[in-house]
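Okay, so here's the structure we're looking at.
Chains as they are written, first to last, in our numbering: chain A, 1 to 113; chain B, 1 to 114.
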């Protein structure tokens with residue numbers, strides 16, 4: 001069965017410093033992987049996706065993620081955190097065949113001024 | 001606005017009452033999904049439709065829950081005889097049927113059962 005693991009449910013970063021959110025997945029097939037962001041009182045928004053093309057994926061708002069098959073990882077990074085990055089971030093794997101999504105438990109990111 | 005819309009945004013109901021939520025997907029999307037999110041957790045899959053056909057239901061979807069998509073457009077999710085454990089955010093998403101396409105989410109309906 002496909003699943004994702006996100007450790008560190010709460011992550012604090014100082015404004016202007018790098019952000020790193022870790023995600024490891026398990027999948028019987030070549031996975032499609034996504035990162036979604038959820039701001040308070042707003043819907044889930046797609047940050048970026050990996051679908052077996054380039055392993056380094058660039059997304060919106062300066063985020064990027066690298067797919068590493070050997071490590072079964074899809075970590076999300078951003079060089080410099082901004083106050084507006086404070087939100088909850090979900091790593092997601094798409095289930096082969098029906099495209100339903102399996103979510104990780106999420107990382108709540110706090111940005112310290 | 002051409003995104004996924006959900007109605008109502010908030011619902012407070014007494015235990016034992018029935019509630020119904022509506023989701024309007026992006027018009028050209030033939031797949032529609034329902035998820036449930038509780039505090040501190042990621043969304044969990046409930047069910048999905050390909051056009052009007054309900055193709056999969058999670059074990060989370062007890063017999064008190066029913067979902068429909070009668071004409072392959074909007075969908076409704078009904079919960080009968082609500083329980084306090086049903087309190088959660090109910091999210092709807094839609095996508096094209098092609099493999100590996102992303103899902104677009106509505107803002108959700110927050111249900112509180114008192």
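Every residue, glycine too, gets a C-beta built ideally from N, C-alpha and C.
Fair warning: this is a prediction, and the values are worked out from it, not measured in the lab.
Look at residue 102 (chain B) here: in three-state DSSP terms it is coil, with no helix or strand label. Taking residue 26 (chain A) as reference, the option from A:2, A:56, A:53, A:58 with the minimal CA-CA separation is A:2. Residue 24 (chain B) is bridged by DSSP to B:5. The residues 13, 78, 81, in chain order, have a CB closer than 6 Å to that of residue 19 (chain A) in the same chain once the five nearest residues on each side in sequence are set aside. Residue nearest to residue 48 (chain A) within the set A:106, A:107, A:91 is A:91 (criterion: CA-CA distance).
For residue 79 (chain B), the three-state secondary structure derived from DSSP is strand.
Nearest CB-CB separation between residue 16 (chain A) and chain B: not below the 8 Å threshold. With 16 or more other CB atoms across the displayed protein chains lying within 10 angstroms of its CB, residue 101 (chain A) is buried. Taking the Cβ atoms as the reference, residue 20 (chain B) lies roughly 5 Å from residue 78 (chain B), within the contact range of under 8 Å. Look at residue 90 (chain B): its C-beta is not under 8 Å from any C-beta on chain A. When DSSP assignments are scanned along the region 12-99 of chain A, the uninterrupted stretches of beta strand (DSSP E) that are 3 or more residues long and fall wholly within it turn out to be 19-21, 24-26, 32-38, 44-50, 56-58, 64-68, 73-78, 87-94.
Using beta-carbon distances, residue 112 (chain B) does not count as an interface residue toward chain A, since no partner is under 8 Å. By the rule that beta-carbons nearer than 8 Å mark a contact, residue 99 (chain A) touches chain B.
Between residue 109 (chain A) and residue 96 (chain A), the C-beta gap is not smaller than 8 Å, which leaves the two residues out of contact. Nearest C-alpha to residue 32 (chain A) among A:24, A:42, A:39: A:24. Distance from the CA atom of residue 84 (chain A) to the CA atom of residue 55 (chain A), rounded to whole angstroms, is 27 Å.
In the DSSP assignment, residue 111 (chain B) falls within the beta strand (DSSP E) that extends over 109-113. Nearest to residue 58 (chain A) by alpha-carbon distance, out of A:8, A:35, A:93, A:86, is A:35.
The alpha-carbon of residue 40 (chain B) is positioned some 11 Å away from that of residue 104 (chain A).
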